[in-house]
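Student: Quick one: this structure, given as structure tokens, is what I'll be asking you about.
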Amino acid sequence: MNGDGDKTRFNTAAKPNWCLGCGNFGIQSALKKALLEFDFEPHQVVMTSGIGCSSKIPHWINVYGLHGLHGRPLPIAAGLKLGNHDLVVIAEGGDGDGFSEGMNHFVQACRRNIDLTYIVHNNGVFSLTTGQTSATGKQGFASSSTPDGSIESPVNPVALAITAGASFVARGFSGDMNQLRDLIVAAIKHRGFAFIDVLQVCVTYNPAKSYKWYKDRVYKLEDENHNPADRDKAMTLALSFDEDRLATGIFYQGGQNPYEDSLPQLKKGPLVSHQVDNIDISNLMAELI
Ligand code: SF4
């Protein structure tokens, strides 16, 4: 495998088993297109994921992948990045994975600002487990877990990410692969924690939010001259969440240094390339065993 023009290098022989028409196909395609915009070879990229339909994605992109525990793609991604900060590290998962089981990890990742890209496939349901209402499910949404309609307020991922300190916050749509490709490219280039909330169509368990439903409602922030450096405006936009007019694009991008820049242990390069022959760990081992 090489990065010198082979446009199939991120393809796998195995094919996804998502439902026909699932928005995950668009996100997978946008991610592969984004990776092709760089000169990466597959071994330079690693993906982590949690549990859910979307979290199966590392099986179907030819990079290193770790399909982990429910809600845990971010701590694994952080460990990988700190072990080898030369790697491009991408964490993925669904809204149930990220904002129910994984909520604490999400908030900590935002404030810590490790150089990762986190893509959430947000469809408002736990789809792998047959459609229970998730943390982003809207009030009144009827499902097997909320047969009379959800009575809880949904999480607002974009507003939460900005509040928690994320330095790159964007929203994409699984039905607009070109825009999503560009957002992923910008997220990978960004030095720090980059979060993309992707409005993902689930044709099986949330069919009311179809491609047409979204297409009738999404608009692009760049068409409205939004300045992503304006954090206050980004927050206002995020808080004025309106299901009938859904902003996509980069809400906020700030310039603080990533976490790993401040770690003295990483000043001499990635940990994996440090010479460790002369380190004596016998005292540590004696204490632990
Ligand atoms: Fe996609 Fe929904 Fe099918 Fe899961 S259940 S594969 S999210 S359409």
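Under this note's numbering, the first residue of the sequence shown is numbered -4, with each subsequent residue one higher.
Where a beta carbon is used, it is the ideal one built from N, C-alpha and C, also for glycine.
1. Give every residue whose Cβ lies closer than 5 Å to any heavy atom of the ligand SF4, listed in chain order.
2. Taking V180 as part of the alpha helix (DSSP H), name the residues at either end of that continuous run.
3. N151 to D237, Cα distance in whole Å?
4. Under the DSSP definition of a beta bridge, which residues are partnered with G244?
5. Give, in chain order, every unbroken run of the beta strand (DSSP E) that is at least 3 residues long and sits entirely within the stretch 42 to 74.
6. In three-state DSSP terms, what is E87?
7. Check this for me: beta carbons of G144 and A137, under 8 Å apart or not?
8. Kindly indicate which three-state DSSP category I109 falls into: helix, strand or coil?
9. Using only CA atoms, which one of Q103, I284, E32, G21 lies nearest to D1?
10. Quick one, which of D34, C105, E87 has its alpha-carbon nearest Y247's?
11. Please go through the same chain and pick out, in chain order, the residues whose beta-carbon is closer than 6 Å to the beta-carbon of N12, but skip the five residues on each side of it.
12. Among the residues of its own chain, which have a CB less than 6 Å from the CB of T60, if the five just before and after it don't count?
13. Tell me which residues share the same chain as N181 and place their Cβ nearer than 7 Å to its Cβ, disregarding the 5 neighbours each side in the sequence.
14. Please classify I274: does DSSP put it in a helix, a strand, or coil?
15. Apply the 10 Å Cβ neighbour rule to R240 and answer buried if 16 or more other Cβ atoms are within range, or exposed otherwise.
16. For N6, which residues of its own chain have a beta-carbon under 7 Å away from its beta-carbon, when the five flanking residues on both sides are left out?
17. Out of curiosity, what's the CA-to-CA distance linking S140 and T128?
18. Which ranges would you report for the alpha helix (DSSP H) in the stretch 121 to 147 if only whole runs of at least 4 residues count?
19. Determine whether the beta carbon atoms of G160 and N222 lie at a separation below 8 Å.
20. On the three-state DSSP scale, how would you describe L258?
21. Taking a contact to mean a Cβ-Cβ separation below 8 Å, would you say L77 touches E255 in this structure?
22. Alpha carbons only, please: which of F101, N118, W208 is nearest the one belonging to K133?
23. Applying the criterion that 16 or more other CB atoms from any shown protein chain within 10 Å of the CB defines a buried residue, is D291 buried or exposed?
Tutor: With the given structure in hand:
1. Counting every residue whose Cβ lies closer than 5 Å to a heavy atom of the ligand SF4, we get W13, C14, C17, C48, S122, C197, V198, T199.
2. Note, V180: alpha helix (DSSP H), 172 to 184.
3. Distance between the alpha carbons of N151 and D237 is about 11 Å.
4. R166.
5. 59 to 62, all fully within the stretch 42 to 74.
6. If DSSP states are grouped into helix, strand and coil, E87 belongs with the strands.
7. Cβ distance < 8 Å, so G144 and A137 count as in contact.
8. Three-state result, I109: coil.
9. It is E32 whose Cα lies nearest to the Cα of D1.
10. Just measuring C-alpha positions, the residue of D34, C105, E87 sitting nearest Y247 is C105.
11. For N12, where only same-chain residues beyond five positions count, there are no Cβ hits under 6 Å.
12. At residue 60 the sequence reads Gly, which differs from the Thr that was named. Sequence-distant Cβ neighbours of G60 in its own chain, meaning closer than 6 Å and more than five residues away, are M42, P53.
13. Per the sequence shown, the amino acid found at residue 181 is Ala instead of Asn. Here the set comprises I245.
14. Residue state, collapsed to three classes: coil.
15. Label assigned to R240: exposed.
16. N57.
17. One alpha carbon belongs to S140, the other to T128, and they sit about 6 Å apart.
18. Qualifying alpha helix (DSSP H) stretches: none in this window.
19. In this structure, the beta-carbon distance from G160 to N222 does not fall below 8 Å.
20. DSSP places L258 in the coil class of the three-state scheme, outside both helix and strand.
21. The answer is yes: Cβ separation under 8 Å.
22. When C-alpha distances from K133 are compared across F101, N118, W208, the shortest belongs to N118.
23. Absent from the model: residue 291. The displayed extent of the chain is -4 to 284, so no value can be given.
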